[in-house]
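Visitor:
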Amino acid sequence: MALSDEAYEAVRSIVGERNVTRDPAILDGYALQMLVELVRPDCSHYMPRAAAIVMPASTEEVQAIVKAANKYNFGVKPHGTGWYHWASPMYDKGSRYGDEKDTVQLDMRRMNKIEIDEKNGIAIVEPYVIHSQLHAEAIKRGWTCNIIGAGSSCSVVAAACAYSGIGAGTMWMGGNAENVLGMEWVTPSGEIVRNGSLGSGDGWFCGEGPGPSVRGIMRGTLGSRGGMGVYTKCAIRLAHWPGRTDWPVYGTVPAYRLPIDETFRVYTVAVPTWDAWTDLYYKIYDNEIGFTLHRQYNLAGADLAPTFWLMYNDPTKQLSDLPWMLEEPGMAELTEEMRISLQIVMAGRSEGDIELQDKVLSKILEEVGGWKVEKYCTEDMAEFTNLYMNRLGHKEINYVYAGNYIGSWMQAGTPDWVKGYIPVAAAGYERDYRNGLLVQAGGDSMMGTVGAYPGGGIMGLEQFVSYDGADHDSCRAAWYHMDDAVEDAKTINYPPGKEALYIEMRYTDEQAFDKWAGAKQPFTYVFQRKIRERYDPNYIGDRQYNWIPEEWEKGEKRASTPIMPGPGRPQPAPEGYPTI
Amino acid sequence: MALEDYRAVAMRCNRCSYCKWIPQDRIKSWEFAKGCPSVDYRHFHAYSGGGRMVALLSLTDGRSEITDELKDVVFECTLCGQCDVSCKVCRYDMWILDGAREFRHYLNQKGVVPDAYPGIIAKLRDSGNMAGAQQAGRAGWAEGLGLKRLAASGAAGADTVDKADVLLHAGCLYSFNPTLRGVVQASARVLAKGGLDFAVDGDERCCGGKAYDMGYRDDFAASAKANLEKWAAAGVKTIVTPCATCFWTFKRLYPEAAATAGSPVQVPEVLHTTQVADRLIKEGALRLTRTVPMKVTYHDPCHLGRQGEDYVPWDGKETKIFGQAVVYDPPRPRYNGAWGVYEPPRDVLRAIPGLELVEMERTKEAAWCCGGGGAVPQAYPDFAGFTASKRLDEAKTTGADAIATACSSCNRILGSATAGDGTTMQAIDVLELVERAL
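So the sequences go chain by chain: A and B.
Residue numbers for the first sequence follow my numbering, beginning at -14 and rising by one.
Residue numbers for the second sequence follow my numbering, beginning at 1025 and rising by one.
1. Unbroken alpha helix (DSSP H) runs of length 4 or more, entirely within the region 376 to 443 of chain A: which are they?
2. In or out: Gly1423 of chain B buried (at least 16 other Cβ within 10 Å) or exposed?
3. Skipping 5 residues on each side, what residues in its chain have a beta carbon closer than 8 Å to that of Glu111 of chain A?
4. Since Asp92 of chain A meets chain C, which of its residues come closer than 8 Å, beta carbon to beta carbon?
5. Compare the C-alpha of Glu1126 of chain B against each of B:Val1207, B:Asp1049, B:Arg1076 and B:Ile1452 and name the closest.
6. Please list the terminal residues of the continuous beta strand (DSSP E) segment that includes Cys219 of chain A.
7. Comparing C-alpha positions only, which one of A:Tyr510, A:Gly561 and A:Lys542 sits nearest to Ile202 of chain A?
8. Let's test the definition: count the other Cβ atoms within 10 Å of the Cβ of Met1025 of chain B and tell me whether it reaches 16, buried, or not, exposed.
9. Could you list which residues in chain B have their beta carbon closer than 8 Å to that of Ala121 of chain A, in chain order?
10. For Arg1436 of chain B, report the span of its alpha helix (DSSP H) as first-last.
11. Beta-carbon of Glu1367 of chain B versus every beta-carbon of chain A: anything under 8 Å?
12. Going along chain B, which residues have a C-beta under 7 Å from Ile382 of chain A?
13. At 9 Å on the CB atoms, spell out the chain A contacts of Val1136 of chain B, in chain order.
14. Output the boundary residues of the alpha helix (DSSP H) element that contains Lys1420 of chain B.
15. Starting from Leu486 of chain A, find everything on chain B with Cβ-Cβ shorter than 9 Å and list it in chain order.
16. List the endpoints of the continuous alpha helix (DSSP H) containing Glu560 of chain A.
17. Going along chain A in order, which residues have a C-beta closer than 9 Å to the C-beta of Asn1435 of chain B?
18. Report the residue from A:Pro41, A:Tyr15, A:Val254 and A:Gln18 whose alpha carbon sits nearest the alpha carbon of Arg569 of chain A.
19. Using the C-alpha atoms, what's the distance from Val424 of chain A back to Leu20 of chain A?
20. Can you pull the chain A neighbours of Arg1036 of chain B, defined as C-beta to C-beta under 8 Å?
21. Could one say the Cβ of Tyr282 of chain A lies closer than 8 Å to chain B's Cβ atoms, at least one of them?
22. Mind pulling the chain B residues with CB within less than 9 Å of Gly127 of chain A?
23. Taking DSSP as the reference, what is the three-state secondary structure of Asp365 of chain A?
24. Evaluate Asp260 of chain A with the Cβ neighbour count: other Cβ atoms within 10 Å of its Cβ, from every protein chain shown; 16 or more gives buried, anything less gives exposed.
25. Specify whether the region 115 to 123 of chain A and the region 262 to 269 of chain A touch according to this definition: at least 3 beta carbon pairs, one from each stretch, less than 8 Å apart.
26. Can we say the region 299 to 313 of chain A touches the region 404 to 411 of chain A, given the rule of at least three CB pairs closer than 8 Å?
27. Measuring straight from C-alpha to C-alpha, what distance separates Asn1201 of chain B and Lys1275 of chain B?
28. Please name the residue in A:Gly160, A:Ile109, A:Tyr31 and A:His466 whose C-alpha comes closest to that of Gly205 of chain A.
29. DSSP on Ala1194 of chain B, reduced to helix/strand/coil?
30. For Ala1428 of chain B, which beta-bridge partners are listed by DSSP?
31. Should the region 466 to 479 of chain A be regarded as contacting the region 414 to 429 of chain A, the criterion being three or more beta carbon pairs within less than 8 Å?
32. Which residues in chain B sit within 8 Å of Tyr15 of chain A, going by Cβ to Cβ distance?
33. Hey, how far is the Cα of Leu372 of chain A from the Cα of Gly79 of chain A?
34. Quickly, what does DSSP pair Pro74 of chain A with across the bridge? List them, please.
35. Could you name the residues that DSSP lists as bridge partners for Glu1342 of chain B?
36. Applying a beta-carbon distance threshold of less than 7 Å, which residues of chain A neighbour Gln1158 of chain B?
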C-alpha cells in the first residue's frame, strides 16, 4: 500500500511542515548509501527510496509517528547519522513479505541533546549526538568514551542500542553494547519502554534493573539496526580520562596533531610473523596494558600503508605523490618492517603506572621478537597517531582510494582463530585485484581492534577491498569479490564474514527466511518472531530484526528462487575477472 | 566542469556526513561541532554538501525533477566551503563545493533561481554594481582623502593618474553602504599612512563574484573582462581590497576567466588589506603606538580564509593508479583550506597595543560562516540571520568586546546580528582597529 495523502498529512501534523518531505531529490539523499552498488540490481547506487522523510524533535513525536504508522499501515525506519546501507529502508515497493506497505524514514537529526552526569560518569544522549561531541564534552570533565570503529561522526545511540558498538578503546573501556545503561525505546506498536533503572523511575544508571530489563531484546550482539522501533535516548557509561582536558589539537589540515601527555605512550609496533602477532595479542590481554589499540593504519593496504601515512601527514602532498614516494630510499624497507604492525596508545594514571606499562610492553616485544617502528614513533607521527586513535576522526579515510570499499571477512574470534583466515583473505584479494578492477593495495589490507571485548580475548580483522563506485566494472568486480570471499572462507571451513550480512540485503524476504531457517540455531529466529509479534504486531519495522515466519519454522514453505550463488549477481563477469 | 562531471563525485560519496561538521579532530564541544549552516537550518541530508551531490545524481539519473524544494536545496547555501574542507580531510577525489556552484549554474541556466535573484542581477546589469546605485557616486567614499584616482575612471584634477602599480578596490558594499563605508576609508588612511603608493578607481566595476555564485556566469565574465582590461591599460600590478569576496573573485576566478576567454591579459597580484597592513607593520612602515584596550575575537571570512588559497592553474584529467585509486594528471590543486589567509589578520591584531586577541572554537579552515555569502541574505534572509546569530553566540563565549573581520559581507551581517541582538559586542573591521592604534 502506498503512503496515502491522509497518512502524510497525519505525519505532517505531528512534526510540522518544515520537517517532512516527499520531494524525490531529497528522498534520494537517504537512498544513496555506501556499499549499495554491491547489493542492488545492476549495481544501482540507491537503496529503496522511502515514501517520506520525517524529522521528529521529541520522544512524544516519535511515538505519535509510530502510532500513525500502525493506523495507516506504513513502515518506519529510523536512523541516527545514517551511515551504512541498512540505515535506508530495506523494502522496495511490494517486496515486504505479505504486505506492500511503504516505509517512512525517520531522520533523528533534530533529537540531539546531551547531558553529562559528571559525578557518576554517565552521559545521557539523544540519537543525533555523535561520538566526537560526546568525547569533546567528556574530555573537558576528565571523562572519555569508547568511540566505535566507524569513527567519531557516528551516533552514540545507534552504536549503543542498535549496532555493534566496538571500537579501538573497547578493550579498555568496553564496547557501547556493554556500556549502555538506561535506554528509552519507542516500540513498533507505539509503547514507550524505559529500560532498567529508568523504567522504575530511578534514573539512568543501570541497564538491567530494577525496572524492566528488555536489554536482550533491545540490544543483542549486533542490534536491530533500525528494524525494531526507535531508540530515542540512552545513557552511556563513560571511562576515566587520565589525559589533559583542553585537547590542544594543532597543525595544518589534514595533518592535525595532538601533543602526547606525559603519562601517555603512543607507538606503532610490529612483529615478524603471524604467530608472533597472536602471541603479542595474548600477552597484551594477559598483562592488561593499553588504552586504545588497533591495527588501524593497515587499512591502506600492507603494500602501501607505511608510505601512504607519511604522504597523508604532509599537507603539501596528495595521493598522486604515492607512487614516487614508494620508490624513495628506505620506503621498501619500511614497508617490510611494518608488514605486520599495529598502533598502541597506553595511558597511565601516574608516571609510575605508565613507566610500568612501558616496561611491560618492551618485555612483551622482546618475548615475541617484535619492535617499535622507529619512523612511526617519532614525535610527529606519534602525535598524529595519538589524535587519530583517541578521536577516530579520520574514518572517512577508509574510502580514500576511490570512494568505496567492502569491509569483508572480520569473523570474530581468538587471535589464533583469526590467524587462520588472514592468508586466505589476503590471497583472495590479491587474486581478485590482478585485473586492476579493484585497488591494488596489497592482499593484506586488514584492519581491526586488538580487543573486541573488554579485556580482550576476541577480535577480528576487516579486509579493506577498495573499489570505485563511479566505475561500473569496478563495482561488478567488487560484487564478485564479495561472493568469492564467502567461497574462500568455505575452503578453510570458516563461516562467512561481514560480506554475508551485506549479501543478505540482496535477498527477498523469502530467500532470507530460507537462509535463517537453515541456520544451525534456527530457534533464535523463531524466538525473535515471537518478540516481533509482541512488540510489532503490524510489522511496521524493517527487516534487520531477523525472524522467520511459522511456515518456515515448520518447513511448510521454501523460497521460490534459490539463494546461492549470490542473488542478482550481475552478468557477465567483468572482463579479466578470475574464476576460482 | 559540467554538471555531468560531478556525477562521479556523488557516486564516490559514501555518506559519512563529515560535510556537516567541522573537521572531527577539531571538535571541542557539542555546541560548536557543527560546520554546515545549511543542514543545521534545514536538516534534511540534501542540504549538506554531500547530500547536494546526491540530489545532483538523482536529477541527472532521471529519478527526480526540478522542484521548488530542489531549488532551495541548491540555493539555500552560503557556499562557505566548510563541507569541502571537512570532506577533503580524508579524500583527494571529492569536489563538493565546486559541484554546488555548478549545480547553481545549471539551474540558473534553466531559469530556476530564487525569487530575489532577478532583482539582484538587474542591479548589476543596469548600474554596474550590486547596490543598484548611481555608479557616478561610486568613489564618494574617497572624497577628501586626497587619494590618487585613475584617469580611466573619468576623474580629472591634480590627483589623477594614468597609471598605477597598486590599485585599492573598495567593492560595491564598501562603496555604497553608508554604515560600512568607514571600513574602506579607514583602510585607505591606514595604507597611506604606511607609505603605500596606490590609486583608486572612481568608476570601479563590480568584481562579479556574487553573480558567479548566483549562477550568472556571463555577467561575471563581463565584469572580469572589463576589470582586467582596465587594469591592464592602467598598468596595475597589484590589486588591494578590503573585501574578502572581491579578494577571492580576483584571485581565484579571474585567472580562470582570463584563460577561458583566451585573453592575453595577466591578472595582477591580489592582496587583501590585512595582508598589506601585516607587511607594513612588520617592515616598520606602520607604527602602532596608541593603546586599544579591547578584547577582540576574529572571524575568518570564508573567502579570505579557507577559500583564500592561491590560484593554481590546472588543465588535467582524472586517471587511476594502483588499479582504481583516483588521482589527477597533472596533480590537481586540492583547495582544501590548508593555505588560506589566516595569520596576517591575526598578526595585525596582535600588533595592536593593548588589544587582546581571543579565539573562538571554530577558527581558520573550521570557521562557522557568517551567513553573508552565496546571495543568501537577499534570497533567504531568515537563514542568513540564523547563521549570523550562531556565529555571534559563539563570539560571545569568548567574552570579547568586538568581533573583528575582514569582509564586507561578514561585517554587514554580523553588524546586523549585533544590532538585533542588543549585545554590546560590536562588529568591526581589522583595519578600523589598526587606525585606532595609529
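Beta carbons are placed, not taken as given, at the ideal position from N, Cα and C, and that holds for glycine.
Guide: A quick look at the data gives this:
1. 400 to 404 and 407 to 418
2. exposed
3. Met93, Met96, Asn97, Lys98, Ile99, Val142, Thr217 and Lys218
4. The chain inventory of the structure shown lacks chain C, comprising the protein chains A and B.
5. B:Arg1076
6. Val215 to Arg222
7. A:Tyr510
8. exposed
9. Ile1051, Lys1052, Ser1053, Trp1054 and Ala1057
10. Per DSSP, Arg1436 of chain B is one residue of the alpha helix (DSSP H) stretching across Ser1432 to Asp1445.
11. no
12. Annotation: Cβ neighbours of Ile382 of chain A in chain B (cutoff 7 Å, chain order): Cys1114.
13. What Val1136 of chain B touches in chain A: nothing, since even the nearest Cβ is about 13 Å away.
14. Pro1405 to Lys1420
15. Residues of chain B passing the Cβ test: none, with the nearest at roughly 17 Å.
16. Per DSSP, Glu560 of chain A belongs to no alpha helix (DSSP H) and is neither H nor E.
17. Per Cβ cutoff of 9 Å: no residues; Asn1435 of chain B is ~26 Å from chain A at best.
18. In the structure as shown, chain A begins at -14 and stops at 565. Residue 569 of chain A is therefore absent and cannot be evaluated.
19. Approximately 15 Å, taken between the alpha carbons.
20. Tyr384, Ala387, Gly388, Asn389, Asp453, Gly454 and Ala455
21. no
22. The premise fails here: Gly127 of chain A is roughly 15 Å from chain B at the closest Cβ pair, so nothing lies under 9 Å.
23. helix
24. Exposure of Asp260 of chain A is indicated by the presence of fewer than 16 other C-beta atoms within 10 angstroms of its C-beta.
25. no
26. No, the region 299 to 313 of chain A does not touch the region 404 to 411 of chain A.
27. 24 Å
28. A:Gly160
29. It is coil, neither helix nor strand.
30. B:Tyr1322 and B:Ile1452
31. yes
32. Annotation: Cβ neighbours of Tyr15 of chain A in chain B (cutoff 8 Å, chain order): His1069.
33. 47 Å
34. Paired residue(s): none; Pro74 of chain A is not in a bridge.
35. In the DSSP assignment, the residues bridged to Glu1342 of chain B are B:Tyr1352.
36. Near Gln1158 of chain B there are no residues of chain A at all, since even the closest Cβ is about 41 Å away, more than 7 Å.
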